[in-house]
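Asker: By full-length UniProt numbering, the letter at position 157 of the first sequence is numbered 157, and the numbering carries on one by one without gaps.
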Amino acid sequence: MKDVAKAAGVSIGTVSKVINKSGNVSPKIRERVLLAISLLNYKPNGIARSLKNSKTNIIGVILPGLYDIYLMKILNNIEKIASAKGYKIIYCSTNGELAKEIKSLQWLIEKRVDGILFYPTSEELTDVEIPPSIPVVLIERELKNYKFPTIMHEHVEACRQLIEPLTQKQSLLFFHGSQNDSVERSKITGFFKALEHLGIEKESDCFKEVNVKHDRTFIADYIKQTISSTPKVSGVVATNPILLSESIKVSEELGLVDQTDFEICGFGDIDPFEIRRNKIRIAKEQPNELARVALSSLLDQMNKSCKVVSKNLYVTHTFQN
DNA sequence: CGTAAACGTGACTGTAGTAG
DNA sequence: CTACTACAGTCACGTTTACG
């Protein structure tokens, strides 16, 4: 800038005004400055600009990884919308490890990002001091020790809508993931409530916990064994895409899908061509919408001079069949 | 249109105190 | 007296912006 100013015969301040199209600069001076910029091949220094403005135009995104389409869609949509609004993103992968979540947060804070979108894999985060100047929006899961607005799916309502249309609700088997996970817990609660609403007695032994970190063959075997050893199963309900797709596979293998009195439903993101029977009812999660709402909530906070405590927002599922 | 202060941090300088 | 440490203060980096 100093060199440009010298070459154009103006002050540094005037160069800045030309670059930022701010203030009044006469057309003649502007021409001279632009010529000097082009001759000297001057490029603004973003670090210095951030230093002065206390703004980096960068949004930090912390996700457990990009190991499935759902997470990829979230990141893709965040990037798309952020980019349109003039922001770049820094993506951090945590592999679902608390230690990496802490490190990612600390690193993003150190980088002075303007805001953070955080998809925690547990509620246990602690020991990270997050300055109030950096707004944080959580995706899908709240944290015990921090009060940040959270954008999540409306799981409880989706459970009701999954269960209600089933013709045989008495002898269902529910396959769910770890109860340490708040999302799984809210789905279990949702199914309990839905059953209660329908006047069906809750039998907790029809709820089967499956660790989705096991390999697929193990999960399939467990589901097969459970279905086979339970008398008069009228249907299977799965709380997440892994358990749903394995349940569908197993049910096909056991020849249950063809039986008119057997139904399958659950949460998933399965493409329509995989669904060979129209009786499989699926609550599809909405990663694009989740990303859109989360980012817009974050941008709201970033642009507010006085921080209004924004509330949690819910995204509704769409239903297939 | 120019001037000067300010942003956050690391590098550097100067000073005081301590140990041998 | 020298060599060293600890600490405080100052400056530089490139840019923006209030003010003259």
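Idealized CB from N, CA, C, for every residue including glycine.
The model shown is predicted, which means the values in this text are computed figures rather than measured ones.
#1: Excluding the 5 residues preceding and the 5 following residue 263 in the sequence, name in chain order all residues of the same chain whose CB lies nearer than 6 Å to its CB.
#2: Assign residue 176 to one of two classes, buried (16 or more other C-beta atoms within 10 Å of its C-beta) or exposed (fewer than that).
#3: So, residue 148 versus residue 174, is the Cβ gap smaller than 8 Å?
#4: Are the CB atoms of residue 102 and residue 108 within a distance shorter than 8 Å?
#5: Please state the DSSP three-state secondary structure of residue 313.
#6: Taking the straight line between their C-alpha atoms, what separation do you get for residue 59 and residue 114?
#7: Can you tell me which of 49, 63 and 64 puts its alpha carbon nearest to the alpha carbon of residue 57?
#8: Thinking C-beta only, is residue 202 closer than 8 Å to residue 159?
#9: For the alpha helix (DSSP H) holding residue 162, just list the boundary residues, first then last.
#10: If we ignore side chains and look at the alpha-carbon of each, how far apart do residue 243 and residue 224 end up?
#11: For residue 257 versus residue 240, is the C-beta distance shorter than 8 Å?
#12: Should residue 236 be counted as a contact of the ligand NAD given a C-beta to heavy atom distance under 7 Å?
#13: Among residues of its own chain, excluding the 5 on either side of residue 194, which ones have a beta-carbon nearer than 6 Å to its beta-carbon?
#14: Can you check which of these residues, 139, 156, 169 and 104, is closest to residue 119 by C-alpha distance?
#15: Nearest by alpha-carbon distance to residue 91: which of 185, 204 and 72 is it?
#16: Which two residues bound the contiguous alpha helix (DSSP H) that contains residue 173?
#17: To the nearest angstrom, how far is the alpha carbon of residue 266 from that of residue 222?
#18: Taking the alpha-carbon of residue 321 as reference, which of 292, 281, 112 and 313 has the nearest alpha-carbon?
#19: If you scan the segment 43–95 from start to end, which runs of the beta strand (DSSP E) of 3 or more residues do you find wholly inside it?
#20: When DSSP builds the beta bridges, which residues end up paired with residue 283?
#21: What does the alpha-carbon distance come out to for the pair residue 34 and residue 184?
#22: In terms of alpha-carbon separation, which member of 65, 17 and 229 lies closest to residue 322?
#23: From residue 172 to residue 237, what does the alpha carbon distance come to, in whole angstroms?
#24: Using a Cβ-Cβ cutoff of less than 7 Å, which residues in the same chain neighbour residue 17 once the five nearest sequence positions on both sides are dropped?
#25: To the nearest angstrom, how far is the alpha carbon of residue 268 from that of residue 83?
#26: Just to confirm, are residue 145 and residue 121 a CB contact at a threshold of 8 Å?
Answerer: Taking the definition as stated:
#1: Excluding residues within five positions, the ones whose Cβ falls inside 6 Å are 166, 235 and 279.
#2: Buried.
#3: No Cβ-Cβ contact shorter than 8 Å links residue 148 with residue 174.
#4: Residue 102 sits away from residue 108, with the two beta carbons spaced by 8 Å or more.
#5: The answer is strand: DSSP assigns residue 313 an E or B state.
#6: Note on geometry: alpha-carbon atoms of residue 59 and residue 114 lie some 6 Å from one another.
#7: Cα-wise, what sits closest to residue 57 is 49.
#8: For residue 159 and residue 202, no; Cβs fall outside 8 Å.
#9: DSSP places residue 162 in the uninterrupted alpha helix (DSSP H) bounded by 155–163.
#10: Distance between the alpha carbons of residue 243 and residue 224: 12 Å.
#11: Contact flag unset, no.
#12: Among the components modelled here there is no ligand, and therefore nothing to report on the ligand NAD.
#13: So the qualifying residues of the chain are 159, 160 and 163.
#14: Cα-wise, what sits closest to residue 119 is 139.
#15: Checked all of 185, 204 and 72; the closest Cα to residue 91 is 72.
#16: Per DSSP, residue 173 belongs to no alpha helix (DSSP H); it is in the beta strand (DSSP E), 172–176.
#17: Roughly 17 Å between the two C-alpha positions.
#18: Comparing Cα-Cα distances from residue 321 to each of 292, 281, 112 and 313, the minimum goes to 281.
#19: The segment 43–95 contains these whole beta strand (DSSP E) runs: 58–63 and 88–93.
#20: For residue 283, which the question treats as bridged, DSSP gives the partners 267 and 319.
#21: Distance between the alpha carbons of residue 34 and residue 184: 59 Å.
#22: Because the chain in this structure spans residues 1 to 321, residue 322 falls outside the shown range and cannot be described.
#23: C-alpha of residue 172 to C-alpha of residue 237: approximately 7 Å in a straight line.
#24: If we look at residue 17 and ignore the five residues flanking it on each side, its Cβ neighbours are 23 and 25.
#25: Their backbone Cα atoms lie some 29 Å apart in a straight line.
#26: No. Outside cutoff.
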